[in-house]
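Have a look at the structure below, then the notes.
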Amino acid sequence: MGIVDGARIRSWRLPAGLVLALSYLAGAIPFAQIAAWLTRRVDLRRVGSGTVSGSALYRVAGFGPVAVAGSLDVAKGAVGPLLAGRDRPVLAALAGGAAVAGHDWSPFLGLAGGRGVGTAMGALLVNAPAGVAVLGAGLAGGRLARRTSFGCFLSFLALVPVLARVHGRRGALAGAAVLAPILLKRVVGNAPPAGPDRLRVYLTRLVHDQDEPPDR
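All residue numbers for the sequence shown refer to our numbering, where the first residue is 118 and numbers rise by one.
Below is the structure:
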(Lines of atoms letter the chains of each structure in order from A and count residues from 1; the text may use other names and numbers.)
(Lines give C-alpha, C1' and ligand atoms only; values in the text may rest on other atoms or scores of the structure.)
Protein backbone atom coordinates (compact mmCIF):
# COMPACT_ATOMS: atom_id res chain seq x y z
CA MET A 1 0.00 0.00 0.00
CA GLY A 2 1.38 3.41 -0.93
CA ILE A 3 1.62 6.49 1.23
CA VAL A 4 -1.31 8.12 -0.55
CA ASP A 5 -3.53 5.05 -0.10
CA GLY A 6 -2.63 4.83 3.59
CA ALA A 7 -3.40 8.50 4.11
CA ARG A 8 -6.74 8.10 2.34
CA ILE A 9 -7.73 5.21 4.61
CA ARG A 10 -6.73 7.16 7.73
CA SER A 11 -8.82 10.11 6.55
CA TRP A 12 -11.91 7.91 6.60
CA ARG A 13 -11.43 6.84 10.21
CA LEU A 14 -14.21 7.69 12.62
CA PRO A 15 -13.37 10.41 15.15
CA ALA A 16 -12.38 9.07 18.56
CA GLY A 17 -15.37 10.62 20.33
CA LEU A 18 -17.78 8.98 17.90
CA VAL A 19 -16.06 5.61 18.30
CA LEU A 20 -16.44 5.81 22.09
CA ALA A 21 -20.07 6.92 21.86
CA LEU A 22 -20.97 4.10 19.47
CA SER A 23 -19.08 1.63 21.66
CA TYR A 24 -21.07 2.69 24.71
CA LEU A 25 -24.39 2.53 22.88
CA ALA A 26 -23.62 -0.88 21.40
CA GLY A 27 -22.65 -2.16 24.83
CA ALA A 28 -25.83 -0.71 26.31
CA ILE A 29 -28.15 -2.90 24.22
CA PRO A 30 -29.62 -5.20 26.92
CA PHE A 31 -29.84 -8.50 25.07
CA ALA A 32 -30.48 -10.51 28.25
CA GLN A 33 -33.38 -8.24 29.18
CA ILE A 34 -34.78 -8.39 25.64
CA ALA A 35 -34.56 -12.20 25.60
CA ALA A 36 -36.22 -12.49 29.02
CA TRP A 37 -39.07 -10.24 27.95
CA LEU A 38 -39.62 -11.90 24.57
CA THR A 39 -39.57 -15.45 25.94
CA ARG A 40 -41.11 -15.09 29.41
CA ARG A 41 -42.39 -11.52 29.67
CA VAL A 42 -40.06 -11.06 32.65
CA ASP A 43 -38.20 -7.90 33.66
CA LEU A 44 -34.88 -9.12 35.04
CA ARG A 45 -34.59 -5.99 37.16
CA ARG A 46 -37.52 -7.32 39.21
CA VAL A 47 -36.09 -10.82 39.70
CA GLY A 48 -33.62 -11.95 42.35
CA SER A 49 -30.78 -9.48 42.81
CA GLY A 50 -32.05 -7.30 39.96
CA THR A 51 -28.93 -7.87 37.87
CA VAL A 52 -29.55 -8.01 34.13
CA SER A 53 -27.21 -10.88 33.37
CA GLY A 54 -26.89 -14.23 31.67
CA SER A 55 -27.24 -16.01 35.01
CA ALA A 56 -30.52 -14.24 35.72
CA LEU A 57 -31.74 -14.99 32.21
CA TYR A 58 -30.87 -18.68 32.58
CA ARG A 59 -32.93 -18.91 35.77
CA VAL A 60 -36.05 -17.58 34.06
CA ALA A 61 -35.69 -18.75 30.44
CA GLY A 62 -33.19 -21.61 30.19
CA PHE A 63 -30.18 -22.33 28.01
CA GLY A 64 -31.41 -21.38 24.53
CA PRO A 65 -32.09 -17.69 25.20
CA VAL A 66 -28.86 -17.48 27.23
CA ALA A 67 -26.83 -18.84 24.31
CA VAL A 68 -28.30 -16.29 21.91
CA ALA A 69 -28.09 -13.32 24.27
CA GLY A 70 -24.60 -14.31 25.41
CA SER A 71 -23.33 -14.49 21.84
CA LEU A 72 -24.77 -11.06 21.12
CA ASP A 73 -23.21 -9.67 24.30
CA VAL A 74 -19.82 -10.88 23.11
CA ALA A 75 -20.40 -9.45 19.63
CA LYS A 76 -21.36 -6.00 20.91
CA GLY A 77 -18.13 -5.81 22.86
CA ALA A 78 -16.16 -6.16 19.63
CA VAL A 79 -17.89 -3.27 17.84
CA GLY A 80 -15.90 -0.41 19.34
CA PRO A 81 -12.43 -1.96 19.03
CA LEU A 82 -13.16 -2.86 15.41
CA LEU A 83 -14.24 0.71 14.68
CA ALA A 84 -11.10 2.04 16.37
CA GLY A 85 -8.82 -0.16 14.28
CA ARG A 86 -5.51 -1.82 15.01
CA ASP A 87 -3.52 1.37 14.47
CA ARG A 88 -5.21 3.15 17.41
CA PRO A 89 -4.58 0.74 20.32
CA VAL A 90 -5.34 3.23 23.09
CA LEU A 91 -8.67 4.15 21.50
CA ALA A 92 -9.44 0.46 20.90
CA ALA A 93 -8.81 -0.30 24.57
CA LEU A 94 -10.97 2.61 25.72
CA ALA A 95 -13.69 1.54 23.29
CA GLY A 96 -13.73 -1.89 24.92
CA GLY A 97 -14.08 -0.28 28.32
CA ALA A 98 -16.88 1.96 27.02
CA ALA A 99 -18.78 -1.09 25.75
CA VAL A 100 -18.54 -2.76 29.16
CA ALA A 101 -19.65 0.47 30.84
CA GLY A 102 -22.64 0.61 28.51
CA HIS A 103 -23.56 -2.95 29.47
CA ASP A 104 -23.17 -2.20 33.18
CA TRP A 105 -25.02 1.14 33.16
CA SER A 106 -27.42 0.94 30.25
CA PRO A 107 -29.47 4.07 29.50
CA PHE A 108 -32.12 1.73 28.09
CA LEU A 109 -32.55 0.19 31.57
CA GLY A 110 -32.41 3.32 33.69
CA LEU A 111 -28.65 2.76 34.19
CA ALA A 112 -29.16 -0.79 35.44
CA GLY A 113 -27.22 -3.65 33.89
CA GLY A 114 -25.08 -6.69 34.42
CA ARG A 115 -21.38 -7.15 35.05
CA GLY A 116 -20.14 -7.20 31.47
CA VAL A 117 -17.86 -10.23 31.41
CA GLY A 118 -19.23 -11.42 28.07
CA THR A 119 -18.94 -7.94 26.61
CA ALA A 120 -15.37 -7.72 27.91
CA MET A 121 -14.58 -11.00 26.18
CA GLY A 122 -15.82 -9.55 22.90
CA ALA A 123 -13.60 -6.50 23.28
CA LEU A 124 -10.60 -8.65 24.19
CA LEU A 125 -11.24 -10.95 21.25
CA VAL A 126 -10.25 -8.00 19.07
CA ASN A 127 -7.71 -6.25 21.30
CA ALA A 128 -5.95 -9.05 23.20
CA PRO A 129 -7.29 -12.54 22.40
CA ALA A 130 -5.47 -14.26 25.28
CA GLY A 131 -7.85 -12.42 27.60
CA VAL A 132 -10.75 -14.50 26.31
CA ALA A 133 -9.02 -17.64 27.56
CA VAL A 134 -8.31 -16.06 30.96
CA LEU A 135 -11.89 -14.91 31.53
CA GLY A 136 -13.29 -18.12 30.07
CA ALA A 137 -11.19 -20.19 32.46
CA GLY A 138 -12.50 -18.17 35.39
CA LEU A 139 -16.09 -18.66 34.30
CA ALA A 140 -15.69 -22.38 33.66
CA GLY A 141 -13.73 -23.08 36.83
CA GLY A 142 -16.11 -21.03 38.93
CA ARG A 143 -19.15 -22.85 37.60
CA LEU A 144 -17.56 -26.24 38.20
CA ALA A 145 -16.87 -25.19 41.79
CA ARG A 146 -20.32 -23.57 42.10
CA ARG A 147 -18.57 -20.27 42.83
CA THR A 148 -18.89 -18.47 39.50
CA SER A 149 -18.39 -14.97 40.89
CA PHE A 150 -15.27 -16.01 42.81
CA GLY A 151 -13.90 -17.81 39.77
CA CYS A 152 -14.38 -14.64 37.75
CA PHE A 153 -12.63 -12.63 40.45
CA LEU A 154 -9.58 -14.88 40.25
CA SER A 155 -9.51 -14.43 36.49
CA PHE A 156 -9.70 -10.66 36.98
CA LEU A 157 -6.58 -10.81 39.15
CA ALA A 158 -4.73 -12.72 36.44
CA LEU A 159 -5.98 -10.78 33.43
CA VAL A 160 -3.64 -7.80 33.22
CA PRO A 161 -0.43 -9.70 34.11
CA VAL A 162 -1.19 -12.41 31.54
CA LEU A 163 -2.05 -9.92 28.82
CA ALA A 164 1.06 -7.88 29.57
CA ARG A 165 3.14 -11.02 29.14
CA VAL A 166 1.41 -12.21 25.97
CA HIS A 167 0.49 -8.97 24.21
CA GLY A 168 2.73 -6.38 25.87
CA ARG A 169 1.60 -2.91 26.90
CA ARG A 170 -1.22 -2.96 24.36
CA GLY A 171 -2.69 -6.06 26.00
CA ALA A 172 -2.26 -4.74 29.53
CA LEU A 173 -4.11 -1.55 28.59
CA ALA A 174 -6.91 -3.50 26.92
CA GLY A 175 -7.30 -5.67 30.02
CA ALA A 176 -7.27 -2.75 32.44
CA ALA A 177 -9.84 -0.85 30.37
CA VAL A 178 -12.44 -3.62 30.54
CA LEU A 179 -11.67 -4.51 34.16
CA ALA A 180 -12.28 -1.02 35.52
CA PRO A 181 -16.05 -0.89 34.87
CA ILE A 182 -16.51 -4.56 35.81
CA LEU A 183 -14.91 -4.12 39.23
CA LEU A 184 -16.65 -0.81 39.85
CA LYS A 185 -20.04 -2.36 39.05
CA ARG A 186 -19.37 -5.27 41.40
CA VAL A 187 -18.54 -2.89 44.23
CA VAL A 188 -21.34 -0.36 43.80
CA GLY A 189 -23.94 -3.04 42.98
CA ASN A 190 -27.54 -1.97 42.63
CA ALA A 191 -27.72 0.02 45.88
CA PRO A 192 -25.44 1.25 48.66
CA PRO A 193 -24.97 -1.26 51.51
CA ALA A 194 -27.11 -0.83 54.60
CA GLY A 195 -25.74 -0.88 58.12
CA PRO A 196 -22.47 0.26 59.66
CA ASP A 197 -20.15 -2.42 58.26
CA ARG A 198 -19.99 -1.02 54.77
CA LEU A 199 -16.32 -1.73 54.13
CA ARG A 200 -16.87 -5.45 54.70
CA VAL A 201 -19.84 -5.42 52.35
CA TYR A 202 -17.88 -3.62 49.64
CA LEU A 203 -15.03 -6.13 49.93
CA THR A 204 -17.48 -9.03 49.79
CA ARG A 205 -19.08 -7.55 46.70
CA LEU A 206 -15.67 -7.19 45.07
CA VAL A 207 -14.71 -10.81 45.68
CA HIS A 208 -18.05 -12.63 45.62
CA ASP A 209 -20.37 -10.15 43.85
CA GLN A 210 -22.90 -10.26 46.70
CA ASP A 211 -23.39 -8.63 50.08
CA GLU A 212 -22.78 -11.72 52.21
CA PRO A 213 -20.02 -14.34 51.85
CA PRO A 214 -21.34 -17.57 50.30
CA ASP A 215 -22.08 -20.51 52.57
CA ARG A 216 -19.26 -23.02 52.65
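For every residue, glycine included, the Cβ atom is placed at its ideal position computed from N, Cα and C. Keep in mind that this is a model prediction, so the values were computed, not measured.
Please state if the CB of residue j and the CB of residue i are separated by a distance shorter than 7 Å.
| i | j | result |
| --- | --- | --- |
| alanine 153 | valine 183 | no |
| valine 217 | alanine 143 | no |
| isoleucine 299 | glycine 233 | yes |
| valine 318 | proline 331 | no |
| alanine 291 | alanine 254 | no |
| alanine 308 | serine 223 | no |
| alanine 83 | alanine 289 | With the chain covering 118 to 333 only, the question about residue 83 has no answer from this structure. |
| proline 338 | arginine 287 | Residue coverage of the chain in this structure runs from 118 to 333, which leaves residue 338 outside it and unanswerable. |
| leucine 323 | valine 304 | yes |
Is it the case that the CB of residue i approaches a heavy atom of the ligand SAH more closely than 6 Å?
| i | result |
| --- | --- |
| alanine 257 | No copy of the ligand SAH appears in this structure; indeed no ligand is present at all. |
Can you give the beta carbon distance from residue i to residue j, rounded, assuming they're within the 8 Å contact cut?
| i | j | result |
| --- | --- | --- |
| phenylalanine 148 | alanine 186 | 4 Å |
| leucine 208 | valine 136 | 6 Å |
| valine 243 | serine 272 | The pair is not a contact, with the Cβ atoms about 19 Å apart (cut-off 8 Å). |
| alanine 293 | valine 277 | 6 Å |
| glycine 219 | tyrosine 141 | 4 Å |
Which residues in the same chain as residue i place their Cβ atom closer than 8 Å to its Cβ, once the five residues preceding and following it in sequence are excluded?
| i | result |
| --- | --- |
| alanine 262 | Gly268 |
| leucine 228 | Trp222 |
| leucine 90 | The question about residue 90 has no answer, for the chain in this structure spans 118 to 333. |
| glutamine 327 | Ser166, Ser266 and Thr321 |
| valine 159 | Ala153, Val177 and Ala178 |
| arginine 157 | Val177 and Ala178 |
| glycine 312 | Val318 |
Might you give, ordered along the chain, the residues of its own chain that have their beta carbon closer than 6 Å to the beta carbon of residue i, omitting 5 neighbours on each side?
| i | result |
| --- | --- |
| valine 191 | Gly235, Met238 and Gly239 |
| leucine 374 | Since the first and last residues shown for the chain are 118 and 333, residue 374 lies out of range. |
| alanine 201 | Val136, Leu208, Ala209 and Ala212 |
| glycine 134 | none |
At what residues does the alpha helix (DSSP H) containing residue i begin and finish?
| i | result |
| --- | --- |
| threonine 168 | That residue, threonine 168, is in no alpha helix (DSSP H); it is neither H nor E in DSSP. |
| tryptophan 154 | 148-157 |
| leucine 135 | 133-145 |
Note down, in chain order, each residue of its chain lying with its Cβ closer than 7 Å to the Cβ of residue i, except the 5 sequence neighbours on either side.
| i | result |
| --- | --- |
| valine 164 | Ala173 and Val177 |
| glutamate 329 | Thr321 |
| valine 295 | Gly213, Gly214, Val217, Ala237, Ala240 and Leu241 |
| glycine 306 | Arg322 |
| histidine 284 | Ala245 and Ala247 |
| phenylalanine 270 | Val324 |
_4-residue-minimum alpha helix (DSSP H) runs that sit fully inside the segment 181-257, ordered along the chain_ = 206-221 and 234-244
*Scan the segment 258-326 and note each continuous alpha helix (DSSP H) run of 4 residues or more that stays entirely inside, going in chain order.*
265-305 and 315-325
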